[in-house]
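Those protein sequence lines, which keep their order, are chains A and B. Per the numbering used here, residue 662 is the first one in the first sequence, and the count goes up by one each step. Per the numbering used here, residue 662 is the first one in the second sequence, and the count goes up by one each step. Cβ coordinates follow ideal geometry from the N, Cα and C atoms, glycine included. Please read all numbers here as calculations on a predicted model, not as lab measurements. Contents: one structure, followed by commentary.
2 protein chains.
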Amino acid sequence: MKKYTPISIGDIAKALNVSPSTVSRALKNHPDISEATCRKVQEYAREAGYRPNVLALGLKHRRSMTIGIIIPEIVHHFFSSLLSGIEDLAYGKGYRVMICQSNEDYLREVINVKALMDHRVDGLLVSISKSTLDYNHFREVLSHEIPIVFMDRICDELPTDRVVTNDYEGARMMVKHLLKRGCRSILHLAGPQHLCVGRERYRGYQQALREYRVPLRDELILRCDTPAKIDKSAHQLLSLVDEIDGIFAVNDFSAVAAMRLLQKNGYTIPGQIAVAGFGDDPLASLVKPMLTTVEQRGYDMGREAARLLINRLAGEGETAYQTKVFPAFLKVRDSA
Amino acid sequence: MKKYTPISIGDIAKALNVSPSTVSRALKNHPDISEATCRKVQEYAREAGYRPNVLALGLKHRRSMTIGIIIPEIVHHFFSSLLSGIEDLAYGKGYRVMICQSNEDYLREVINVKALMDHRVDGLLVSISKSTLDYNHFREVLSHEIPIVFMDRICDELPTDRVVTNDYEGARMMVKHLLKRGCRSILHLAGPQHLCVGRERYRGYQQALREYRVPLRDELILRCDTPAKIDKSAHQLLSLVDEIDGIFAVNDFSAVAAMRLLQKNGYTIPGQIAVAGFGDDPLASLVKPMLTTVEQRGYDMGREAARLLINRLAGEGETAYQTKVFPAFLKVRDSA
DNA sequence: TTTATTTCCGCAAACGATTGCGGTATGGTT
DNA sequence: AACCATACCGCAATCGTTTGCGGAAATAAA
Numbered sequence: 662m663k664k665y666t667p668i669s670i671g672d673i674a675k676a677l678n679v680s681p682s683t684v685s686r687a688l689k690n691h692p693d694i695s696e697a698t699c700r701k702v703q704e705y706a707r708e709a710g711y712r713p714n715v716l717a718l719g720l721k722h723r724r725s726m727t728i729g730i731i732i733p734e735i736v737h738h739f740f741s742s743l744l745s746g747i748e749d750l751a752y753g754k755g756y757r758v759m760i761c762q763s764n765e766d767y768l769r770e771v772i773n774v775k776a777l778m779d780h781r782v783d784g785l786l787v788s789i790s791k792s793t794l795d796y797n798h799f800r801e802v803l804s805h806e807i808p809i810v811f812m813d814r815i816c817d818e819l820p821t822d823r824v825v826t827n828d829y830e831g832a833r834m835m836v837k838h839l840l841k842r843g844c845r846s847i848l849h850l851a852g853p854q855h856l857c858v859g860r861e862r863y864r865g866y867q868q869a870l871r872e873y874r875v876p877l878r879d880e881l882i883l884r885c886d887t888p889a890k891i892d893k894s895a896h897q898l899l900s901l902v903d904e905i906d907g908i909f910a911v912n913d914f915s916a917v918a919a920m921r922l923l924q925k926n927g928y929t930i931p932g933q934i935a936v937a938g939f940g941d942d943p944l945a946s947l948v949k950p951m952l953t954t955v956e957q958r959g960y961d962m963g964r965e966a967a968r969l970l971i972n973r974l975a976g977e978g979e980t981a982y983q984t985k986v987f988p989a990f991l992k993v994r995d996s997a
Numbered sequence: 662m663k664k665y666t667p668i669s670i671g672d673i674a675k676a677l678n679v680s681p682s683t684v685s686r687a688l689k690n691h692p693d694i695s696e697a698t699c700r701k702v703q704e705y706a707r708e709a710g711y712r713p714n715v716l717a718l719g720l721k722h723r724r725s726m727t728i729g730i731i732i733p734e735i736v737h738h739f740f741s742s743l744l745s746g747i748e749d750l751a752y753g754k755g756y757r758v759m760i761c762q763s764n765e766d767y768l769r770e771v772i773n774v775k776a777l778m779d780h781r782v783d784g785l786l787v788s789i790s791k792s793t794l795d796y797n798h799f800r801e802v803l804s805h806e807i808p809i810v811f812m813d814r815i816c817d818e819l820p821t822d823r824v825v826t827n828d829y830e831g832a833r834m835m836v837k838h839l840l841k842r843g844c845r846s847i848l849h850l851a852g853p854q855h856l857c858v859g860r861e862r863y864r865g866y867q868q869a870l871r872e873y874r875v876p877l878r879d880e881l882i883l884r885c886d887t888p889a890k891i892d893k894s895a896h897q898l899l900s901l902v903d904e905i906d907g908i909f910a911v912n913d914f915s916a917v918a919a920m921r922l923l924q925k926n927g928y929t930i931p932g933q934i935a936v937a938g939f940g941d942d943p944l945a946s947l948v949k950p951m952l953t954t955v956e957q958r959g960y961d962m963g964r965e966a967a968r969l970l971i972n973r974l975a976g977e978g979e980t981a982y983q984t985k986v987f988p989a990f991l992k993v994r995d996s997a
């Protein structure tokens, strides 16, 4: 197996006794080049397996045909669905993707942004980390005229396209569903309120209660959006459990964790307490009872985000920024 | 927000009235450059936010400091764990990753290989697609002296490093566990036999039976490695169910699908039929009864694969190829 | 003062591709 | 015969960085 370096335009030129410029033009059927030469060059290129060096192209054109992606954690099903959607669409349009995970860490996110900028990505697809409180790293990106599309965990204050689920409406519908079932004391396991996702779902919760004229009680709001935090707050949660008849969690993981905790302590679901989640993670249909939740189309959102970004890259940004809102669908199962 | 193009070495040179070569050397403390000049250049570079253009670097050095990854599907937990492990390690060593999914499609895999080669990746991390039967695209990569590390779905016939779980041993242990429980007619839901993973797990199954002097019966081997295929073979499976007392599935998804099918038809698990899977997907501990399975450390395997690849890239390939075998651990839960 | 040695820096080519501009044939017009 | 247009192609600069080599200036040795 002998070493075989990729062939360049110069190599073709030498072999065919023409100049590199002629080869370059011949390969793209430039009218200046005779048909005969074009054929000769293209044939040779094909047989020699010529493939343009994207690094050289990127250097010349100052764009790399790659899209940078930053997401909190690849292993979460929602994010890997996003990725999958992005990847499928981007590849179809000739773009490659470069993926980073922030691990919910602000510093890592900043480093990721730098790394992707170093690689001269043409645009960024971002879902913000939980610990991110300022957006200067993104502002910097935008100042370089690199477009960003935020997905799900968006940033309100930056001029970008966005792709989100209708969190407000989804939460509102879900809580109304709980109310319709007869729940009147609904605990909300809330996400971080600096993230729009957490805020919007909380707003939906509030609105539903208002519509049913159920008073809002602050002590029924618990900042708990991971199983770990549920465990830590187990005591507090159990002390509340006798005065509630429903739980609306900001995501499926904490919903399931809460469900487990309650079941372990002898409560029946949905008999004594109804439980609802958000996101329709695969685990939702696997647990007993099956979790009632709100569907969130990760794959489609990813595709749409990639589409928005690539359109903007093509259109040179003349159009106004848009926020694509995906409708939320109730998935009523057994837990509520 | 005004446009701000990234600054180059030439810009620094002009600003400081020195040559680009001097700047380049000063930035890396080359002994030819006076301490004063070094300081001056580095200071200016820092303040101007200079960041080297990796495209130009890649063009010059003929390497891009990026690793190409091809996996079947990002949304499978095992693969996203792999990714996560790779990403964490690679970033620590200054490498970026470029990820492609083959969607279990041979043609897509070939295209992915080409795309990654076009991007002049320094090495490849690959988990082969199910529909891949020939390896010429990988051979081509190796002929360019681009190293590959195969992960989990490896290729025997190519000279590369590999990272696998001890599939044989895991399967053997699991089937022996079933036998110890008293099972004597164990159905095997097998994977494609052209994949080593499928072959090795089948071998483990056979060996365990031999050790217990239980005759091997061909009619108890079903090529079924996805829920969809289980559904399609439901009839056949149900026709066998009365003469079996255990199922060993090549992965957790088909194990759970089979479990569901049996439960729906009134069979109790593990009472009448014990069911075991492979992989310890998150779903394993969510289903009822909780699935007994074999643990597979995706994250660690990913890290190890990245480590092997980066070492080889650094060491210029003087060492012999190695196959890192991760031990398999039984996760005995409730289903068997 | 001449020669040898350091010290410090710049020129220019190279990586692979693109592109404006200019140049040489060839043929056709007057 | 002199002129113009057209068809076809090459030169050289450019993107940003690296690096071998050579050269100037300063210092040391003879």
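Asked	Found
Taking Cβ-Cβ distances shorter than 7 angstroms, what residues in chain A pair up with K949 (chain B)?	K949
Using a beta-carbon distance below 8 angstroms, is R781 (chain A) in contact with chain B?	yes
Mind listing the chain A neighbours of E965 (chain B)? Cutoff is C-beta to C-beta under 8 angstroms, in chain order.	Residues of chain A passing the Cβ test: none, with the nearest at roughly 17 angstroms.
Regarding F939 (chain B) and the ligand GTP, is the C-beta to nearest heavy atom distance less than 7 angstroms?	Ligands in the displayed structure: none, and consequently the ligand GTP is not present.
Does the Cβ of H630 (chain B) have 16 or more other Cβ atoms within 10 Å, making it buried, or fewer, making it exposed?	Lying before the first or after the last residue shown, residue 630 (chain B) is absent from chain B, which here runs from 662 to 997.
Considering just the uninterrupted stretch of the alpha helix (DSSP H) at V715 (chain B), what are its terminal residues?	715 to 722
Taking CB distances under 8 angstroms as the criterion, tell me whether R712 (chain B) reaches chain A.	yes
Between which two residues does the beta strand (DSSP E) containing Q762 (chain B) stretch?	757 to 762
Straight-line CA distance for A706 (chain B) to I673 (chain B)?	7 angstroms
Using a 10 Å radius around the Cβ and a threshold of 16 neighbouring Cβ atoms, would you call P692 (chain A) buried or exposed?	exposed
Looking at the structure shown, is V986 (chain B) part of a helix, part of a strand, or coil, going by DSSP?	strand
Counting only the same chain and skipping the five closest in sequence on each side, list residues whose C-beta sits under 6 angstroms from that of D795 (chain A).	none
Residues in its own chain within less than 6 angstroms of G865 (chain A) by CB, not counting five upstream and five downstream?	Y829, A832, R833
For E904 (chain A), is the classification buried or exposed, using 16 other Cβ atoms within 10 angstroms of its Cβ as the cut-off for buried?	exposed
Name the chain A residues that come within less than 7 angstroms of H738 (chain B), Cβ to Cβ?	V736
In this structure, does DSSP put D813 (chain A) in helix, strand or coil?	coil
Once you ignore the five residues that flank I891 (chain B) on each side, which residues in its own chain have a CB closer than 8 angstroms to its CB?	L850, C885, L898, S915, A918, A919, L922
Would S996 (chain A) be called buried (16 or more neighbouring beta carbons within 10 Å of its own) or exposed?	buried
What does S759 (chain A) touch in chain B if you count any residue whose Cβ is under 9 angstroms from its own?	According to the sequence shown, residue 759 (chain A) is Met rather than Ser. Under the 9 angstroms cutoff, chain B gives T727, R757, V758, M759, I760.
What number of angstroms, rounded off, separates the C-alpha of Q983 (chain B) from the C-alpha of T727 (chain A)?	33 angstroms
Mark K689 (chain A) as exposed unless 16 or more other C-beta atoms lie within 10 angstroms of its C-beta, in which case mark it buried.	exposed
Please compile the residues from chain A whose C-beta is within a distance smaller than 7 angstroms of the C-beta of A717 (chain B).	L720
Hey, how far is the Cα of E704 (chain B) from the Cα of S946 (chain A)?	58 angstroms
Compute the Euclidean distance between the alpha carbons of N827 (chain A) and L744 (chain B), then round it to the nearest angstrom.	30 angstroms
Beta carbon of V836 (chain B), beta carbon of A869 (chain B): below 8 angstroms?	yes
Go through its chain and collect everything with a Cβ distance to I807 (chain B)'s Cβ below 8 angstroms, but skip five positions before and after it.	M778, V782, D783, G784, L785
So if DSSP puts K841 (chain B) in a beta bridge, which residue, or which two residues, is it bridged to?	DSSP output for K841 (chain B) lists no bridge partner at all.
Can you look up T793 (chain A) in the DSSP assignment and give me helix, strand or coil?	coil
What are the start and end residues of the alpha helix (DSSP H) that includes H849 (chain A)?	Careful: H849 (chain A) lies outside any alpha helix (DSSP H), inside the beta strand (DSSP E) at 847 to 851.
Quick one: which chain A residues come within Cβ less than 7 angstroms of E979 (chain B)?	Going along chain A, no residue has its Cβ under 7 angstroms from E979 (chain B), so there is no contact; the nearest lies around 16 angstroms.
Output needed for R823 (chain A): all residues of its chain with C-beta closer than 6 angstroms, excluding positions within five of it in sequence on either side, in chain order.	F811, I815, T984
Please report the distance separating the alpha-carbon of L877 (chain A) from that of R871 (chain A).	8 angstroms
Work out the CA separation of E696 (chain B) and A676 (chain B) for me, nearest whole Å.	18 angstroms
Select from B:T666, B:R860, B:V702, B:G729 the residue whose C-alpha is nearest the C-alpha of T683 (chain B).	B:V702
Using a Cβ-Cβ cutoff of 9 angstroms, what residues of the stretch 927 to 946 of chain B are near chain A? List them in chain order.	P943, L944
By how many angstroms is the C-alpha of D813 (chain B) removed from the C-alpha of T666 (chain A)?	29 angstroms
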